[in-house]
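Under my numbering, residue 240 is the last one in the sequence shown; the count climbs by one each step, no gaps.
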Amino acid sequence: MTIQAHIAALQESIPKDVTVVAVSKFHPSAMIREAYDSGQRIFGESRVQELVTKQQELPGDIQWHFIGSLQRNKVKQIAPFISLIHSLDSEKIMQEIDKQGAAHQRVIPCLLQLHIAEEETKSGFSPDECRSFLAKGTWRECSHVQIAGVMGMATFTENKTQLSAEFRL
């Protein structure tokens with residue numbers, strides 16, 4: 072199935088109000104261009120250098136989402152253009168995003184990443200840590216960070232009972 076056919080089939084199968092983030096990590100710019108030419112405008116990357124390269128090579132109206140673990144020293148590279156960071160998982164990373172947002176005179180939308188999986192390889196706030204983070208309120212001082220929601224990565228399993236349990240908070 073071609074990328075164009077795959078995107079068309081996906082759009083037919085989902086509700087109209089669902090936003091598709093095409094995970095383009097590890098795929099060459101030519102494949103992303105094909106998806107773009109088929110109408111896809113939101114792409115997710117998990118490696119900063121790969122994201123920066125693709126952002127420079129591809130059309131300017133693409134909305135880039137950062138979907139991986141983000142190191143503080145890499146924030147400045149994506150701050151000028153990133154549409155959404157899916158992995159705000161500490162106060163330190165929030166402060167760096169705020170600093171870089173200020174430097175680029177923009178507010179950077181972020182999702183709080185929750186650690187909901189049984190897998191230790193996944194990262195993020197525990198539900199209790201997230202509640203403490205929100206209650207502490209230092210996020211209110213970060214005027215260049217918009218907390219747009221939460222995200223969590225479930226355990227890689229086909230066990231639907233386990234998956235349902237992990238997404239209950």
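Glycine included, every Cβ here is placed at the ideal spot set by N, Cα and C.
None of the values given here were measured: they were computed from a predicted structure.
What's the C-alpha gap between residue i and residue j?
i    : j    : result
F238 : F196 : 14 Å
V146 : D160 : 13 Å
Q217 : I74  : 33 Å
L155 : K87  : 21 Å
E128 : L122 : 10 Å
R177 : I153 : 10 Å
T232 : H186 : 18 Å
P92  : A106 : Looking at the sequence provided, one finds Val at residue 92 rather than Pro. So the two alpha carbons sit approximately 11 Å from each other.
T228 : E162 : 30 Å
E212 : L182 : 17 Å
R202 : A101 : 42 Å
A76  : R104 : 14 Å
K170 : H215 : 8 Å
A80  : P130 : 24 Å
G110 : Q126 : 17 Å
By DSSP's criteria, residue i is part of a beta bridge. Which residues make up the other side?
i    : result
V216 : I179
G115 : V94 and H136
M222 : Q184
F196 : L185
Determine the burial state of residue i: buried for a count of at least 16 other Cβ atoms within 10 Å of its Cβ, exposed for fewer.
i    : result
E167 : buried
F204 : buried
V119 : buried
S158 : buried
Q142 : exposed
M224 : buried
I78  : buried
A150 : buried
A174 : exposed
For residue i, does the three-state DSSP call read helix, strand or coil?
i    : result
I156 : strand
L141 : coil
K231 : helix
V146 : helix
S203 : helix
R104 : helix
Task: Cβ contact (3+ pairs, closer than 8 Å) linking the segment 101 to 116 and the segment 134 to 141 - done: yes
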